[in-house]
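Q:
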Amino acid sequence: EADREPPPALPLHELAKRTGHRASANASALVVALPSLLVPCCAHSGTTFLWRCMQYAFHPDKVCGKEGKPGRPMYADYHSDWTRTSCPSRRYLLPGLAGNIQGHWDYRKEWFFFGGGAASWFKGWQDYVGVDLPLCYWEKEFQRLLRLRPLDHTLAHSRRLCRSRTSGTAHGHGRRRRAPCTHRACLALDLDKTRLGPGYAEEYPRPEKPRYQFQATKALPRVDPHVHSGAVVSDMTPNYLCSPKALRNLANSIGTPAHFRFLVLLKQPLDFLTTAYKMFVQWRWVRSANLSLDVHTQLSKLRRCNLTLYQRPELLPSLPAKEVVDYFSKCWEGTWQHYVTNALPNVCIRAWIARGFKPSQFMIVRSSLMRLLNADELLTAIANFTGLHYNKLLLARRAEELAAHCEGPDSRANRKRANMVVVNTHKAFDGDNAQRRSMLDEETRSAFEKLAAASTSMITSLGVRELSVQRPP
1 EADREPPPAL PLHELAKRTG HRASANASAL VVALPSLLVP CCAHSGTTFL
51 WRCMQYAFHP DKVCGKEGKP GRPMYADYHS DWTRTSCPSR RYLLPGLAGN
101 IQGHWDYRKE WFFFGGGAAS WFKGWQDYVG VDLPLCYWEK EFQRLLRLRP
151 LDHTLAHSRR LCRSRTSGTA HGHGRRRRAP CTHRACLALD LDKTRLGPGY
201 AEEYPRPEKP RYQFQATKAL PRVDPHVHSG AVVSDMTPNY LCSPKALRNL
251 ANSIGTPAHF RFLVLLKQPL DFLTTAYKMF VQWRWVRSAN LSLDVHTQLS
301 KLRRCNLTLY QRPELLPSLP AKEVVDYFSK CWEGTWQHYV TNALPNVCIR
351 AWIARGFKPS QFMIVRSSLM RLLNADELLT AIANFTGLHY NKLLLARRAE
401 ELAAHCEGPD SRANRKRANM VVVNTHKAFD GDNAQRRSML DEETRSAFEK
451 LAAASTSMIT SLGVRELSVQ RPP
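Number 473 marks the last residue of the sequence shown (the numbering used here); no jumps.
1) Can you give me the C-alpha to C-alpha distance between Gln-268 and Glu-333, rounded to a whole angstrom?
2) Excluding the 5 residues flanking Ala-418 on each side, which residues of the same chain have their C-beta closer than 8 Å to its C-beta?
3) Check whether the Cβ atoms of Val-32 and Leu-263 lie closer than 9 Å to each other.
4) Sort out for me which residues DSSP pairs Pro-95 with in a bridge.
5) Can you tell which of Lys-245, Arg-144 and Asn-249 has its C-alpha closest to the C-alpha of Pro-6?
6) Within the same chain, show all residues whose beta-carbon is closer than 6 Å to that of Ala-453, passing over the 5 residues directly before and after it, in chain order.
7) Go ahead and pull the three-state DSSP assignment for Trp-51.
8) What does the alpha-carbon distance come out to for the pair Tyr-212 and Leu-191?
9) Between the Cα of Ala-375 and the Cα atoms of Leu-273, Ile-254 and His-405, which residue gives the shortest distance?
10) Between Arg-84 and the rest of its own chain, which residues show a CB-CB distance below 8 Å, the 5 nearest in sequence each way excluded?
11) Hey, which unbroken runs of the alpha helix (DSSP H) at 4 residues or more fall wholly within the segment 258–301?
12) Return the Cβ separation of Gln-102 and Thr-154 in integer angstroms, given the expectation that the two are a contact with Cβ distance under 8 Å.
13) Quick check on Ala-399: buried or exposed, where buried means 16 or more other Cβ atoms within 10 Å of its Cβ?
14) Confirm, please, whether the CB-CB distance from Pro-345 to Leu-266 is below 9 Å.
15) So what's Glu-466 in DSSP terms, helix, strand or just coil?
16) Taking a contact to mean a Cβ-Cβ separation below 9 Å, would you say Leu-440 touches Ser-292 in this structure?
17) Would you tell me roughly how many angstroms separate the C-alpha atoms of Ala-201 and Arg-163, rounded to the nearest one?
18) Look up Gln-213 in the DSSP assignment and say whether it is helix, strand or coil.
19) How long is the line joining the alpha carbons of Ser-234 and Leu-161, rounded to whole angstroms?
20) Below 8 Å, can you find three or more Cβ-Cβ pairs linking the segment 33–44 to the segment 63–75?
21) Measure the C-alpha to C-alpha separation of Thr-19 and Pro-198 and round it to an integer number of angstroms.
22) By the 10 Å Cβ neighbour count, where 16 or more other Cβ atoms means buried, how is Ala-381 classified, buried or exposed?
23) Please report the straight-line C-alpha distance between Trp-111 and Lys-301, rounded to a whole angstrom.
24) Out of curiosity, what's the CA-to-CA distance linking Cys-317 and Trp-105?
25) Using only the alpha-carbon positions, how far apart do Ala-276 and Leu-187 sit?
26) When DSSP builds the beta bridges, which residues end up paired with Pro-88?
27) Please state whether DSSP places Trp-105 in a helix, a strand or coil.
28) Taking only runs of the beta strand (DSSP E) that begin and end inside the segment 329–415, which ones reach a length of at least 3 residues, in chain order?
29) Between the alpha carbons of Cys-136 and Leu-307, how many angstroms are there, rounded?
30) So, helix, strand or coil for Ser-36, using DSSP?
31) Express the C-alpha separation of Ser-411 and Leu-373 in angstroms, rounding to a whole number.
32) Can you tell which of Glu-323, Ala-29, Val-232 and Pro-409 has its C-alpha closest to the C-alpha of Ala-354?
33) With the cut-off set at 9 Å, would you say Leu-67 and Leu-379 are in Cβ contact?
34) Under the assumption that Val-469 contacts Glu-377 (Cβ atoms under 8 Å), give the Cβ distance between them as a whole number of angstroms.
35) What residue range does the alpha helix (DSSP H) around Arg-18 cover?
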């Protein structure tokens, strides 16, 4: 059954070579583009800032655009401008889309592709790749105009997406088949219990309209690899790296593709602990009395799991690959509340490498450095590693706009901006006694810092690239 078979996990240019000359532009030529650029670590380390920067600078409208007149760059607004003919040899970011209850679509940062909820993986690939949308839905102007359509129109389209009698392409193999009555990436909504957005409730008088509606929740791009070969799909789910389940799901389903790239954002471990805890206090997810109690409990669990590596973490690099994976699978979980193991990414990276990925596929990005970089420094480094095209000449004509998206809060430009708002930070939150609750007692702090110091020192021996910038004196 096609829903049990993954889409081809190959770069689009390789798929184009394998399929030969394109016979036609119909649906049978399309393939699902899987996420291949992952930012799997770590939460609270600048992933939202990086997402907003990359979504802006590497969007195909910028990558495939032209310089134009001073101050008036010519953006590539339509997907017909993103083709191999119009945009040759340039790779651009094409994230998956998220659909809302009104039938509108927007780019999705965290796809939870190989992790997700406890039961998500068993829904099959139809749930993971989402509904079948044409590429015009990735155009910013199309998304804007869709929000202006009458609500009846967008809801009717959601129903068609969710009740289509065919699933379109079967992962690019040219087969069409009958689909379930409701697509697995759709939700059945009871509008007596689920609220429409504030601006749309008046358009849907409940006494006169159907009570039930379908929400198409997500969609990965379907592209013809001969035409839109520059598309790169991202997934910036920041707890993946330390999740044995995510690694197991990925490797067991599609292997360890050589074209995958991993940007690993790292924060100082103790700073990571307190920031993570404060965020979940702010979100009212935390039930424990304080962070010290949680860390003490998690350290005790880690010690019981493997006493030798707890006491002598420096032995890890000498272990065979299988033992590294076994240790990771047994002692790590990677969910949001596992602050201790999520703060020790050295073990996680080693497990992914032991499973078959190459050190050259990873790049460490220190949050402290990313905060200092100007946009040109950051984008140049990311482009060199990922292969995405940095359209420097076009973006230079929008220098202020670029800085607003891609200048870190401690960069030279933003230090001059007194009203600079840091994206998505929880470090200073002090509601609900967060500052007091996030303090560690001396014994717990000492035990954690010993493991953290070992993890930090061993990262340098992994052989992975690290983002660095050479500035003139």
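Beta carbons are placed, not taken as given, at the ideal position from N, Cα and C, and that holds for glycine. Since this is a predicted model, take the numbers as computed values, not measurements.
A: With the structure as the only source:
1) Translated into the one-based positions of the sequence shown, residue 268 becomes position 268. Translated into the one-based positions of the sequence shown, residue 333 becomes position 333. Cα to Cα, the separation comes out at about 20 Å.
2) For the purposes of this step, residue 418 is taken as residue 418 along the sequence shown, with counting starting at 1. Any answer about Ala-418 is weak, because its pLDDT of 46 lies below 50 and its placement is not dependable; what the coordinates show is given next. Correct list: empty, nothing qualifies.
3) Numbered from its first residue, the sequence shown carries residue 32 at position 32. Numbered from its first residue, the sequence shown carries residue 263 at position 263. The answer is no: Cβ separation not under 9 Å.
4) On the sequence shown, position 95 is the one that residue 95 refers to. Pro-95 pairs with nothing; no bridge assigned.
5) For the purposes of this step, residue 6 is taken as residue 6 along the sequence shown, with counting starting at 1. Scanning Lys-245, Arg-144 and Asn-249 for the CA closest to the CA of Pro-6 turns up Asn-249.
6) Here residue 453 refers to the residue found at position 453 of the sequence shown. Excluding residues within five positions, none has a Cβ falling inside 6 Å.
7) In the sequence shown, the residue the question calls residue 51 occupies position 51. Here Trp-51 sits in helix by DSSP.
8) Translated into the one-based positions of the sequence shown, residue 212 becomes position 212. Translated into the one-based positions of the sequence shown, residue 191 becomes position 191. Going by the C-alpha atoms only, they are around 6 Å apart.
9) Taking the sequence shown and counting its residues from 1, one reaches residue 375 at position 375. Taking only the C-alpha atoms, the option nearest Ala-375 is His-405.
10) Residue mapping note: residue 84 aligns to position 84 of the sequence shown, counting from 1. Taken in chain order, the residues that qualify are His-226, Val-227, His-228, Ser-229 and Gly-230.
11) Runs of the alpha helix (DSSP H) inside the segment 258–301: 269–282.
12) To locate residue 102, count along the sequence shown from 1; it is residue 102. To locate residue 154, count along the sequence shown from 1; it is residue 154. Right, their Cβ atoms sit about 6 Å apart.
13) In the sequence shown, the residue the question calls residue 399 occupies position 399. Classification for Ala-399: exposed.
14) Counting from 1 along the sequence shown, the entry for residue 266 is found at position 266. Counting from 1 along the sequence shown, the entry for residue 345 is found at position 345. For Leu-266 and Pro-345, yes; Cβs fall inside 9 Å.
15) Translated into positions along the sequence shown, residue 466 becomes position 466. Here Glu-466 carries a strand assignment [DSSP, helix/strand/coil].
16) Position 440 of the sequence shown, counted from the start, is the residue given in the question as residue 440. Position 292 of the sequence shown, counted from the start, is the residue given in the question as residue 292. Ser-292 sits close to Leu-440, with the two beta carbons spaced by under 9 Å.
17) Position 201 of the sequence shown, counted from the start, is the residue given in the question as residue 201. Position 163 of the sequence shown, counted from the start, is the residue given in the question as residue 163. The C-alpha of Ala-201 lies about 24 Å from the C-alpha of Arg-163.
18) As a first step, residue 213 must be located in the sequence shown, where it is residue number 213. Residue state, collapsed to three classes: strand.
19) If you number the sequence shown from 1, residue 234 lands on position 234. If you number the sequence shown from 1, residue 161 lands on position 161. In a straight line, the C-alpha of Ser-234 is about 23 Å away from that of Leu-161.
20) No: fewer than three Cβ pairs fall under 8 Å.
21) Here residue 19 refers to the residue found at position 19 when the sequence shown is read from its first residue. Here residue 198 refers to the residue found at position 198 when the sequence shown is read from its first residue. A straight-line Cα-Cα distance of about 48 Å links Thr-19 and Pro-198.
22) One-based indexing of the sequence shown puts residue 381 at position 381. Buried is the call here.
23) Indexing the sequence shown from 1 puts residue 111 at position 111. Indexing the sequence shown from 1 puts residue 301 at position 301. C-alpha separation (whole angstroms): 30 Å.
24) The sequence position of residue 317 within the sequence shown is 317, counting from 1. The sequence position of residue 105 within the sequence shown is 105, counting from 1. Reading off the sequence, residue 317 comes out as Pro, not Cys. Approximately 45 Å, taken between the alpha carbons.
25) Along the sequence shown, one-based indexing puts residue 276 at 276. Along the sequence shown, one-based indexing puts residue 187 at 187. When the Cα atoms are used, Ala-276 and Leu-187 turn out to be separated by approximately 31 Å.
26) As a working note, residue 88 is residue 88 in the sequence shown. Per DSSP, none; premise fails for Pro-88.
27) On the sequence shown, position 105 is the one that residue 105 refers to. Trp-105 falls in the strand class under three-state DSSP.
28) With a minimum length of 3 residues, the unbroken runs of beta strand (DSSP E) contained wholly in the segment 329–415 fall at 362–366.
29) Here the question's residue 136 lines up with position 136 in the sequence shown. Here the question's residue 307 lines up with position 307 in the sequence shown. Between the C-alpha atoms of Cys-136 and Leu-307 there is a straight-line separation of about 55 Å.
30) By one-based count along the sequence shown, residue 36 stands at place 36. Ser-36 sits in a strand when the DSSP states are folded into three classes.
31) Along the sequence shown, one-based indexing puts residue 373 at 373. Along the sequence shown, one-based indexing puts residue 411 at 411. Going by the C-alpha atoms only, they are around 5 Å apart.
32) As a position in the sequence shown, residue 354 is number 354, starting the count at 1. Taking only the C-alpha atoms, the option nearest Ala-354 is Glu-323.
33) Mapped onto the sequence shown, residue 67 falls at position 67. Mapped onto the sequence shown, residue 379 falls at position 379. Checking the sequence, you will find Glu at residue 67 rather than Leu. The Cβ atoms of Glu-67 and Leu-379 lie no closer than 9 Å to each other.
34) Here residue 469 refers to the residue found at position 469 of the sequence shown. Here residue 377 refers to the residue found at position 377 of the sequence shown. Sure, about 5 Å apart at Cβ, within 8 Å.
35) Locating residue 18 in the sequence shown gives position 18, counting from the first residue. Looking at the DSSP string, the run of the alpha helix (DSSP H) that includes Arg-18 is 12–19.
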